[in-house]
Amino acid sequence: MRPGRPVGVRRRGVVAIVNAYSNAWPVLFPQHGAGRKHLRPMVLEPWQWSIVKQHPAEFVRGCIESDGCRHRRLVAGRNYPAYSFTNHSEDILLLFMWACGLIDLRPRRANRVTVSIARRADVATLDRLLGDDRAGDVLLRTSN
138 MRPGRPVGVR RRGVVAIVNA YSNAWPVLFP QHGAGRKHLR PMVLEPWQWS IVKQHPAEFV
198 RGCIESDGCR HRRLVAGRNY PAYSFTNHSE DILLLFMWAC GLIDLRPRRA NRVTVSIARR
258 ADVATLDRLL GDDRAGDVLL RTSN
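Counting in our numbering, the sequence shown runs from 138 upward without gaps.
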């Protein structure tokens with residue numbers, strides 16, 4: 138993608154930190170720009186809409202892997218798995234929910250910045266999509 142341009146990679150344990158600098162980022166990713174992303178509109182270009190429509194599962198996977206988690210909820214004494222996606226940009230939350238709908242998931246707004254996917258069939262779908270990694274589960278207690 139970037140012939141002749143250096144890309145820096147540093148390893149910190151199991152994490153790889155990748156740095157790349159270019160004046161072309163605004164062309165490749167029109168959302169890239171100055172200021173906080175949650176304070177300005179996040180609108181996909183037509184070519185980006187096309188990619189997300191063709192590959193909604195990959196978009197949902199990327200969102201969960203970057204700003205989401207799998208956790209366990211304790212409701213009425215029973216333990217249930219669920220997924221959450223958190224972002225302060227309303228536009229990004231709506232894009233995430235739209236892509237979830239394309240793969241027949243039924244997300245719910247848990248609050249202003251969080252979308253929850255907790256129905257058993259939907260969690261099973263995401264487990265298949267993301268790989269079921271129960272070791273990282275966090276237990277959340279709720280009073281429902």
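Built from N, CA and C at the ideal position, the CB exists for glycine as well.
Look at residue i and residue j and say whether their C-beta atoms are less than 7 Å apart.
i      : j      : result
Ser226 : Gly205 : no
Pro193 : Ala236 : yes
Pro244 : Ile254 : yes
Using DSSP with H/G/I as helix, E/B as strand and the rest coil, what is residue i?
i      : result
Arg265 : helix
Ile218 : The sequence shown places Pro at residue 218, not Ile. Pro218 falls in the strand class under three-state DSSP.
Ala236 : helix
Arg177 : coil
Trp198 : Residue 198 is actually Arg in this sequence, not Trp. If DSSP states are grouped into helix, strand and coil, Arg198 belongs with the helices.
Arg257 : helix
Asn281 : In this prediction, Asn281 has a pLDDT of 45, which is less than 50 and means its spatial position is unreliable; what the coordinates show is noted afterwards. Coil, per DSSP.
What residue range does the beta strand (DSSP E) around residue i cover?
i      : result
Leu211 : 205-212
Asn156 : 152-156
Arg290 : This structure leaves residue 290 out entirely; the chain is present only between 138 and 281.
Residue i to residue j, Cα distance in whole Å?
i      : j      : result
Leu181 : Arg215 : 40 Å
Arg249 : Val189 : 24 Å
Ala157 : Arg198 : 23 Å
Gln191 : Trp184 : 11 Å
Ser203 : Val212 : 27 Å
Arg256 : Met179 : 28 Å
Val144 : Arg210 : 41 Å
Ala153 : Leu242 : 31 Å
Ile201 : Val146 : 23 Å
His208 : Ala258 : 15 Å
Phe233 : Arg148 : 30 Å
Val155 : Arg173 : 21 Å
What are the start and end residues of the alpha helix (DSSP H) that includes residue i?
i      : result
Val189 : 183-191
At a cut-off of 6 Å, would you count residue i as near the ligand MN, judging by its Cβ distance to the nearest heavy atom?
i      : result
Leu176 : Although the ligand MN was asked about, the structure shown includes no ligands whatsoever.
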